[in-house]
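J.:
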Amino acid sequence: MPDGRNVRLLEDFTFTDANGIEWKAEANDTPDGSSIPRPAWTLIGSPFVGKHRNASIVHDKFCVLRERSGRTHKQVHKMYYNACLCAGVGKIKAKMMYLAIKIGGPKW
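In structure tokens form, the structure reads like this:
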């Protein structure tokens, strides 16, 4: 997008977790990375760069939906952790990223 920070999805993206639950971000969604606490960016990098990018996109979507998603913030944050692992993020880094979100991320 023109601001150089935000993105717009060109097509749907779905992460299916180990329980078969689908987590879908849709075409034209505009995730902005704000569901990842800004201070954590120095630890993990930008939400849109690296193996955790797709996890960040889906996490943003469900943090925007909050209660309307039918899922708790704990479920959404845990999904982020699992999506990071599935994307090849190392277990220690994924755990650090998850803890940053668990402590400083959105709650509802």
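Using numbering that gives the first Met the number 0, you'd call the opening residue of the sequence shown number 0 and step up by one each time. Positions of the beta carbon are idealized from the N, C-alpha and C atoms, including for glycine. As the structure is a prediction and not an experimental result, all values here were calculated from the model.
With a floor of 4 residues, list each alpha helix (DSSP H) that falls wholly inside the segment 15-59, ordered by position along the chain.
T.: Counting whole runs of 4 or more residues, the segment 15-59 contains the alpha helix (DSSP H) stretches 40-43.
J.: The alpha helix (DSSP H) spanning ASN5 covers which residue range?
T.: Note, ASN5: premise wrong, no alpha helix (DSSP H); not H, not E.
J.: Specify, as a first and last residue, the run of the alpha helix (DSSP H) that GLY103 falls within.
T.: That run of the alpha helix (DSSP H) goes 90-103.
J.: Use the C-beta contact count for VAL75: other C-beta atoms within 10 angstroms, 16 or more gives buried, fewer gives exposed.
T.: Flag for VAL75 reads buried.
J.: Buried or exposed: where does LYS23 fall if 16 or more other Cβ atoms within 10 Å of its Cβ makes it buried?
T.: The residue in question, LYS23, is exposed, as its Cβ has fewer than 16 Cβ neighbours within 10 Å.
J.: Taking just the CA atoms, how far does ASP59 sit from ASN27?
T.: Looking at the two C-alpha atoms, the distance is approximately 13 Å.
J.: Name the DSSP bridge partner or partners of THR13?
T.: BP columns for THR13 point to LYS23.
J.: CB ILE35 to CB ILE100, shorter than 8 Å?
T.: Going by C-beta atoms, ILE35 is nearer than 8 Å to ILE100.
J.: Does the beta-carbon distance from LYS50 to VAL6 come in below 8 Å?
T.: Contact flag unset, no.
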